Amino acid sequence: MLNTPKSRGATIAFYGYPEYAAKSTKSVKRIRRTKKHITGYVMFDESMSATMSQDKFLSNDKNKQRLINMLCVKFQKEGFDVKQAQEDAYYLVIKSALEIERRSQCVVVVSEDIDILVIITASTNSENIFFLKSGMLYNAQQS
């Protein structure tokens with residue numbers, strides 16, 4: 004689990020999926036990506052087991068947002084600092100990483116999106132910010 008001595012004080016940032024997404028800048032991209040297999044809204048709680056594929060479940064922004072809300076509550080109860088972007092989390096993740104790096108020894112940004120590594124690399128000359136993607140660890144200045 005995440006709640007270990009090494010993870011205490013960690014900040015977790017989530018993308019946002021606002022209800023007014025039809026008016027947002029990312030909405031067209033999301034609609035195009037999910038148009039092939041969009042699923043309806045699923046009522047669920049943390050005691051339920053999955054009854055559909057992850058891709059189908061996450062194709063609906065309301066499902067994603069409800070899951071994120073549940074995770075935020077759970078992580079906050081465990082003592083984590085939880086942040087959620089209004090929509091695109093790039094700015095929030097990078098801003099948080101730079102703020103944490105100023106007051107800590109090192110920062111590990113965990114993401115599947117390599118664009119965050121590129122932006123962090125261009126934003127700082129720190130050797131204390133690391134990027135973790137699917138088991139691969141990069142130093143922002145060595146990439």
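Heads up, the sequence shown is in my numbering, so the first residue is 4 and it goes up one at a time. Ideal placement from N, C-alpha and C gives every residue a C-beta, glycine not left out. Predicted model, so just to flag it, every value in this text is computed and none were measured.
Three-way DSSP call (helix, strand, coil) for residue i in this model
{"i": "Ala92", "result": "coil"}
{"i": "Thr42", "result": "coil"}
{"i": "Ala16", "result": "strand"}
Cβ-based neighbour list, residue i, same chain, cut-off 8 angstroms, excluding 5 preceding and 5 following
{"i": "Met51", "result": "none"}
{"i": "Ile122", "result": "Tyr93 and Ile97"}
{"i": "Asp118", "result": "Tyr93"}
{"i": "Ser126", "result": "Ile97 and Leu101"}
{"i": "Met55", "result": "Thr42 and Val45"}
{"i": "Lys86", "result": "Thr14, Ile15, Ala16, Phe17, Leu95 and Ser99"}
{"i": "Met139", "result": "none"}
{"i": "Gln108", "result": "Asn131"}
Chain-order list of residues whose beta-carbon lies under 6 angstroms from that of residue i (same chain, five-residue window excluded)
{"i": "Asp84", "result": "Thr14"}
{"i": "Val110", "result": "Ala100, Ile103, Glu104 and Ile132"}
{"i": "Ser129", "result": "Glu104"}
{"i": "Lys65", "result": "Tyr44"}
{"i": "Phe60", "result": "Asn66"}
{"i": "Arg69", "result": "none"}
Proximity below 8 angstroms, CB of residue i to CB of residue j
{"i": "Ser114", "j": "Lys98", "result": "no"}
{"i": "Tyr20", "j": "Lys67", "result": "yes"}
{"i": "Tyr44", "j": "Asn72", "result": "no"}
{"i": "Val112", "j": "Phe78", "result": "no"}
{"i": "Ala16", "j": "Leu74", "result": "no"}
CB contact check: residue i to chain D, cutoff 8 angstroms
{"i": "Ser126", "result": "The displayed structure is made up of one protein chain only, and chain D is not part of it."}
Cβ-based neighbour list, residue i, same chain, cut-off 7 angstroms, excluding 5 preceding and 5 following
{"i": "Glu49", "result": "Met73"}
### Task
Quick one: which unbroken beta strand (DSSP E) runs of 3-plus residues sit fully inside the segment 46-131? Chain order, please.
Here the runs fully enclosed are 84-87 and 110-113.
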